[in-house]
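Asker: Protein chains in written order, with this note's numbering: chain A, 1 to 156; chain B, 1 to 378.
Handing you this structure, nothing more for now.
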């Protein structure tokens, strides 16, 4: 049996796209209207499909990803730094929380304590920092985020 | 009148064609050599192509470049005297015919006339086409209309729903259904498995509202189809009759949900419901699932129990009834976790009720994935 895990990833820069390409070991993605798909073969039985979303059209998010998001273990929001109150990423996040209940995690490049505005990350989302620009490090924080979700699932 | 591009280095050959083929219902255009022809293809797609070149190697080079353009336009090769092998190679390359020049004028006209006769797929239809959507999938229908480069409006009817797809020389340029965006309208209409279609050809140039080409559109529709099937697969007991729960307080639910839930008042199976009222939107099967999970829709046995419960309640005093209703409302309302939503402050009750649920529960699979990830970089 082949197991596929789908993870939608909202991102505000090409930087993050490159990180996910690096993790999956690919240099291009399959294009759909609302997102791009990168598949990462974890082992011979398991695959993770990342759906990279970098243009934030609310209608398309709710229609094209509307069936995917509820069945995903989590959703990622990736930003270069803590999002400012009027950033497009935060706006789509607010739209997201109004329409979906799947837990979301933030990946960021800047240390939360460095930029001093950590409060701008949505309160209920776990924040993970990419301290090194390597696939290994992204792998590390992705594993951590999934593990946290797993612990929450077990508790419930 | 059929548009023919003559691809040749020499204009004299084109003049010869014009003279020899005068009177046939074709319009010839000399577009020059392959270099210039590529530019011409960007502006216009002809119905037929004549390749006329003496040098065999050059001809094969042009054909290879032509094929890379993937225009799918039939072509005839004209060349000087050539042996069987050379002709065979060209036939294998897809040429409709290989003609060695010079040849008898009369014979030449007859061959061209026969070749250019509109046949099968390339025929432009003047009459309307009608049919049943259960027999032809929309995807196949669009493919056929694209292949024959039809111009006109494809109307679709399924139950109370009606939509249309507008084609301009085979390309989908617009679609209308409800108040949906064109692409979403197409994605939804592609899910209609029964109903009728009616194609009305016209000669109007339709404005392009969709920027994607037909292949991209088909891909979008396929993706939507997969998601739609998945959403339907998640609904349990699709062929069992469900009823609207007698305990359900219709004042507490949104107007759209109320409209759909009323269809179940006298019993209906989810499969029939989707067939009659499914618009192709993913929200409908998803909402159906959540209504079943919330016990807004119940099976016959539960329905009977609840009905007798309601009847018992009605026999009790009016004051008790009001109390019961107030308390039942508190219990029946789904627990709303306000703490988990950052943006919940301005969210109305209706939005929370229609918020899509978190359905991932497979912690075993997640554990296996985490373990596989550990191995991946180990």
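Think of the CB as a built atom: it goes at the ideal place given N, C-alpha and C, for glycine as much as any other residue.
Assuming residue 76 (chain B) and residue 110 (chain B) make a contact with CB atoms under 8 Å, what is their CB distance in whole Å?
Answerer: Counted from its first residue, the second chain places residue 76 (chain B) at position 76. Counted from its first residue, the second chain places residue 110 (chain B) at position 110. The Cβ separation is near 14 Å, so there is no contact.
Asker: Tell me the rounded alpha-carbon separation between residue 8 (chain B) and residue 95 (chain B).
Answerer: Locating residue 8 (chain B) in the second chain gives position 8, counting from the first residue. Locating residue 95 (chain B) in the second chain gives position 95, counting from the first residue. So the two alpha carbons sit approximately 16 Å from each other.
Asker: Could one say the Cβ of residue 334 (chain B) lies closer than 7 Å to chain A's Cβ atoms, at least one of them?
Answerer: Taking the second chain and counting its residues from 1, one reaches residue 334 (chain B) at position 334. Note that residue 334 (chain B) has pLDDT 46, beneath the 50 cutoff, so the model's placement of it is unreliable and the number below is only indicative. Output row for residue 334 (chain B): interface = no.
Asker: Taking the beta carbon of residue 134 (chain A) as the centre, do at least 16 other beta carbons fall within 10 Å, making it buried, or is it exposed?
Answerer: Taking the first chain and counting its residues from 1, the one referred to as residue 134 (chain A) is at position 134. Exposed.
Asker: Name the one or two DSSP bridge partners that residue 416 (chain B) has.
Answerer: In this structure chain B extends from 1 to 378, so residue 416 (chain B) is not present and cannot be described.
Asker: If you measure between the beta carbons of residue 176 (chain B) and residue 220 (chain B), is that distance less than 7 Å?
Answerer: Within the second chain, residue 176 (chain B) is the residue found at index 176, counting from 1. Within the second chain, residue 220 (chain B) is the residue found at index 220, counting from 1. Not closer than 7 Å, so no.
Asker: Please name the residue in A:122, A:86, A:60 whose C-alpha comes closest to that of residue 282 (chain B).
Answerer: Position 282 of the second chain, counting from 1, holds the residue named residue 282 (chain B). Residue 282 (chain B) has its Cα closest to that of A:60, out of A:122, A:86, A:60.
Asker: Give the single residue among A:66, A:82, A:136 whose Cα lies nearest to the Cα of residue 126 (chain A).
Answerer: As a working mapping, residue 126 (chain A) is identified with position 126 in the first chain. Cα-wise, what sits closest to residue 126 (chain A) is A:82.
Asker: Go through its chain and collect everything with a Cβ distance to residue 128 (chain B)'s Cβ below 8 Å, but skip five positions before and after it.
Answerer: Within the second chain, residue 128 (chain B) is the residue found at index 128, counting from 1. Answer for residue 128 (chain B): 198, 199, 200, 201, listed in chain order.
Asker: CA-CA distance, residue 48 (chain B) and residue 4 (chain B)?
Answerer: On the second chain, residue 48 (chain B) is found 48 positions in, with the first residue counted as 1. On the second chain, residue 4 (chain B) is found 4 positions in, with the first residue counted as 1. Computed Cα separation, rounded: 5 Å.
Asker: Excluding sequence positions up to five away, which residues of its chain have a Cβ less than 6 Å from the Cβ of residue 157 (chain A)?
Answerer: In the structure as shown, chain A begins at 1 and stops at 156. Residue 157 (chain A) is therefore absent and cannot be evaluated.
Asker: Starting from residue 45 (chain B), follow the beta strand (DSSP E) in both directions and report where the run begins and ends.
Answerer: Along the second chain, read from residue 1 onward, the residue named residue 45 (chain B) stands at position 45. From DSSP, residue 45 (chain B) is part of no beta strand (DSSP E); its letter is neither H nor E.
Asker: Based on DSSP bridge pairs, tell me the residues matched to residue 280 (chain B).
Answerer: Residue numbering aside, residue 280 (chain B) sits at position 280 when the second chain is read from its first letter. Answer is none; residue 280 (chain B) lacks a bridge partner.
Asker: Name the residues in the stretch 270-302 of chain B whose C-beta lies less than 9 Å from a C-beta of chain A; which are they?
Answerer: Hits within the stretch, in order: 281, 282, 283, 285, 286.
Asker: Could you tell me the alpha carbon to alpha carbon distance between residue 91 (chain A) and residue 73 (chain A), rounded to whole angstroms?
Answerer: One-based indexing of the first chain puts residue 91 (chain A) at position 91. One-based indexing of the first chain puts residue 73 (chain A) at position 73. Rounded to whole angstroms, residue 91 (chain A) to residue 73 (chain A) spans 22 Å at the Cα level.
Asker: Against residue 231 (chain B), what residues of chain A qualify as contacts under a CB-to-CB distance less than 7 Å, listed in chain order?
Answerer: Along the second chain, read from residue 1 onward, the residue named residue 231 (chain B) stands at position 231. Per Cβ cutoff of 7 Å: 67.
Asker: Can you check whether the CB of residue 116 (chain B) is closer than 7 Å to the CB of residue 65 (chain B)?
Answerer: In the second chain, residue 65 (chain B) corresponds to position 65, counting from 1. In the second chain, residue 116 (chain B) corresponds to position 116, counting from 1. No, the pair does not count as a contact, with Cβ atoms beyond the cut-off.
Asker: Could you list which residues in chain A have their beta carbon closer than 7 Å to that of residue 396 (chain B), in chain order?
Answerer: What is shown of chain B runs 1 to 378, which leaves residue 396 (chain B) out entirely.
Asker: Name, going along the chain, the residues of the stretch 188-208 of chain B whose beta-carbon falls closer than 8 Å to a beta-carbon of chain A.
Answerer: Cβ contacts with chain A: none found.
Asker: Give me the Cα-Cα distance between residue 137 (chain A) and residue 131 (chain A), rounded to the nearest whole angstrom.
Answerer: The count along the first chain starts at 1 and reaches residue 137 (chain A) at position 137. The count along the first chain starts at 1 and reaches residue 131 (chain A) at position 131. Answer to the nearest angstrom: the Cα atoms are 7 Å apart.
Asker: Output the distance between the C-alpha atoms of residue 93 (chain B) and residue 32 (chain B), rounded to the nearest integer angstrom.
Answerer: Your numbering for residue 93 (chain B) matches position 93 in the second chain. Your numbering for residue 32 (chain B) matches position 32 in the second chain. Rounded to the nearest angstrom, the two C-alpha atoms are 21 Å apart.
Asker: When you compare only the Cα positions, how much space is there between residue 345 (chain B) and residue 40 (chain B)?
Answerer: Here residue 345 (chain B) corresponds to residue number 345 of the second chain, with the count starting at 1. Here residue 40 (chain B) corresponds to residue number 40 of the second chain, with the count starting at 1. Low confidence applies to residue 345 (chain B): its pLDDT is 40, below 50, so where it sits in the model is not reliable, and the reading given next is rough at best. The alpha-carbon atoms of residue 345 (chain B) and residue 40 (chain B) are separated by roughly 59 Å.
Asker: Please check if any C-beta of chain A sits within less than 7 Å of the C-beta of residue 360 (chain B).
Answerer: For the purposes of this step, residue 360 (chain B) is taken as residue 360 along the second chain, with counting starting at 1. Yes - at least one Cβ of chain A is within 7 Å of the one on residue 360 (chain B).
Asker: Look up residue 335 (chain B) in the DSSP assignment and say whether it is helix, strand or coil.
Answerer: For this step, residue 335 (chain B) is matched to residue 335 along the second chain. Reliability fails at residue 335 (chain B), whose pLDDT of 44 lies under 50, so the model's placement of it is uncertain and no value is given.
Asker: What in chain A is Cβ-close to residue 366 (chain B), meaning under 8 Å?
Answerer: Along the second chain, read from residue 1 onward, the residue named residue 366 (chain B) stands at position 366. Per Cβ cutoff of 8 Å: 5, 73, 146, 149, 150, 153.
Asker: Which bits of chain B does residue 8 (chain A) rub up against, with CB to CB less than 9 Å?
Answerer: Translated into the one-based positions of the first chain, residue 8 (chain A) becomes position 8. None at all; the shortest Cβ gap to chain B is about 12 Å.
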